[in-house]
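Enquirer: To convert, count from 1 in the sequence shown and add 3; that's our numbering.
C-beta: ideal position from N, C-alpha, C; glycine also.
This is the structure I want to talk about, given as C-alpha cells.
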Amino acid sequence: MKHLIAPSVLSADFAHLYDDVKMINESSADWFHVDVMDGSFVPNISFGFPVISSLQHYARKPLDVHLMIVQPERYLEEFKRAGAKILTVHYEACTHLHRTVNAIQELGMKAGVAINPHTPVHVLEDILAETDLVLVMSVNPGFGGQKFIENTYRKLRALKEMRKATGTDFLIEVDGGVNSHNALALLKAGADVLVAGNSIFSAEDPAEEIAELKKIRIDILEA
Ligand SMILES: O=C(CO)[C@@H](O)[C@H](O)COP(=O)(O)O
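As C-alpha cells, this is what we get:
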C-alpha cells in the first residue's frame, strides 16, 4: 500500500484557513489531520465543532480527527455530524475503549486508537482486531513543532510485528515531529500514515513539502 500523508491543520494559518484548505486539496496529501484539544487531557485548547463543520464543506479529502479530550465517548455523534471520517480516541482517555471503538464504527466512521509516548504498544493487544488505525504519538500531545521522540521507531516496529502476528490490518499512523528527514525511516519502521504540521506549514512551499513526503518509495525500501 502506498503510504498516506495527513497535513495537520493545527499548524495552518487560522486567519487564512481557506487558503490552506485549498492548498491541501490541490496537493498530493491524502487526508486532513484535525487535532481537537480540550485543555484537560492536554495543556492546550485548539478548536471544536464550528471549525470542523466548516472544514467539512471545503475539504475534498477525508477528515482524520484526532481527539485529545477526556471521555471522548460523550461527543461521537457530534464529530460524525461535523464531518469526521476517521475518529481517533486516546487509549489513556477512555475507560471503556472497546465500547468507544465499536460506537465509532457503528456511526459509520473508521475508529483509531492513539497512544502517548509513555504508553507501551502491548496494551493494545486486545483491541487491535477491532481498530482501523493506531496512532503513535511521537511527541507529547498538545502542541505542534516539538522535537521527535526517537523511541517511536521501536514502537512502530513492534506494532508492525503485532499486526503480522495477529493477521490484523489496521493502519499505523505516526504524529509529531515528522519531516522529510525522518519520513523514510518512519515508513521503514512501519508507519502507513505520516502526520506533519510544522514541517509542512513552515516550508516555503507547503505543497512541495507534501509532495516530498508523498514521493518516498516504500517498494524500493522494502526490496
Ligand atoms: O497531535 C499533534 C500535537 O498534539 C500533532 O498532530 C501536531 O500538530 C503535529 O505537528 P508537528 O509536530 O508535525 O508540528
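Using C-beta distances below 6 Å, list every residue in its chain close to A32, excluding the 5 sequence neighbours before and after it, in chain order.
Expert: What you label residue 32 is simply residue 29 of the sequence shown in a count that begins at 1. So the qualifying residues of the chain are I8, P10, I213.
Enquirer: What first and last residue would you give for the alpha helix (DSSP H) that runs through V104?
Expert: Taking the first residue of the sequence shown as 1, we reach residue 104 at position 101. Taken as a continuous stretch (DSSP letters only), the alpha helix (DSSP H) holding V104 covers 100-109.
Enquirer: Identify every run of the beta strand (DSSP E) within the region 65-153, keeping only runs that are complete inside it and at least 3 residues long; order them along the chain.
Expert: For the region 65-153, whole beta strand (DSSP E) runs of length 3 or above, ordered along the chain, are 66-71, 87-93, 113-118, 136-140.
Enquirer: Who does I8 pair with in a DSSP beta bridge?
Expert: Locating residue 8 in the sequence shown gives position 5, counting from the first residue. Answer by DSSP bridge pairing, in chain order: L197.
Enquirer: With DSSP run on the structure shown, which of helix, strand or coil describes I219?
Expert: The count along the sequence shown starts at 1 and reaches residue 219 at position 216. DSSP places I219 in coil when its eight states are reduced to three.
Enquirer: For H93, collect the residues of the same chain with a Cβ closer than 6 Å to its Cβ; drop the 5 residues on either side in sequence, then sort them by chain order.
Expert: Translated into the one-based positions of the sequence shown, residue 93 becomes position 90. Around H93: A117.
Enquirer: How would you write the range of the alpha helix (DSSP H) that I27 sits in, first residue to last?
Expert: As a working mapping, residue 27 is identified with position 24 in the sequence shown. Run containing I27: 20-29, per the alpha helix (DSSP H) assignment.
Enquirer: Quick check: is any heavy atom of ligand 1 less than 8 Å from the C-beta of P144?
Expert: Against the sequence shown, residue 144 aligns to sequence position 141. Yes, since a heavy atom of ligand 1 falls inside the 8 Å radius drawn around the Cβ of P144.
Enquirer: Using the three-state DSSP reduction, which class does E207 fall into: helix, strand or coil?
Expert: The residue you call residue 207 lines up with position 204 of the sequence shown. Three-state DSSP puts E207 in coil, outside helix and strand.
Enquirer: So, at 7 Å on beta carbons, what are the nonlocal neighbours of P209 in its own chain, with the 5 sequence-adjacent residues on each side left out?
Expert: Taking the sequence shown and counting its residues from 1, one reaches residue 209 at position 206. Taken in chain order, the residues that qualify are M26, I203.
Enquirer: Using beta carbons (cut-off 9 Å, strictly below), is P144 in contact with chain C?
Expert: Judged by its chain identifiers, the structure shown contains no chain C, having just a single protein chain.
Enquirer: Closer than 8 Å to a non-hydrogen atom of ligand 1 - does that hold for the CB of D38?
Expert: Here residue 38 refers to the residue found at position 35 when the sequence shown is read from its first residue. Yes, since a heavy atom of ligand 1 falls inside the 8 Å radius drawn around the Cβ of D38.
Enquirer: Rounding to the nearest angstrom, what Cα-Cα distance links M40 and A15 in this structure?
Expert: Numbered from its first residue, the sequence shown carries residue 40 at position 37. Numbered from its first residue, the sequence shown carries residue 15 at position 12. Whole-angstrom Cα-Cα distance: 15 Å.
Enquirer: Tell me whether S56 is buried or exposed, calling it buried when 16 or more other Cβ atoms sit within 10 Å of its Cβ.
Expert: Translated into positions along the sequence shown, residue 56 becomes position 53. Answer is exposed; the Cβ neighbour count stays below 16.
Enquirer: Does the beta carbon of M3 fall short of 8 Å from some heavy atom of ligand 1?
Expert: Absent from the model: residue 3. The displayed extent of the chain is 4 to 226, so no value can be given.
Enquirer: Tell me, please, which residues DSSP counts as bridged to F35.
Expert: The residue labelled residue 35 in the question sits at position 32 within the sequence shown. Beta-bridge pairing links F35 to L66.
Enquirer: Please report how far the alpha carbon of L189 lies from the alpha carbon of L159, in whole angstroms.
Expert: Translated into positions along the sequence shown, residue 189 becomes position 186. Translated into positions along the sequence shown, residue 159 becomes position 156. The straight-line gap from Cα to Cα measures roughly 8 Å.
Enquirer: How should N182 be labelled, buried or exposed, when 16 other C-beta atoms within 10 angstroms of its C-beta is the threshold for buried?
Expert: Working through the sequence shown from its first residue, we reach residue 182 at position 179. The residue in question, N182, is buried, as its Cβ has 16 or more Cβ neighbours within 10 Å.
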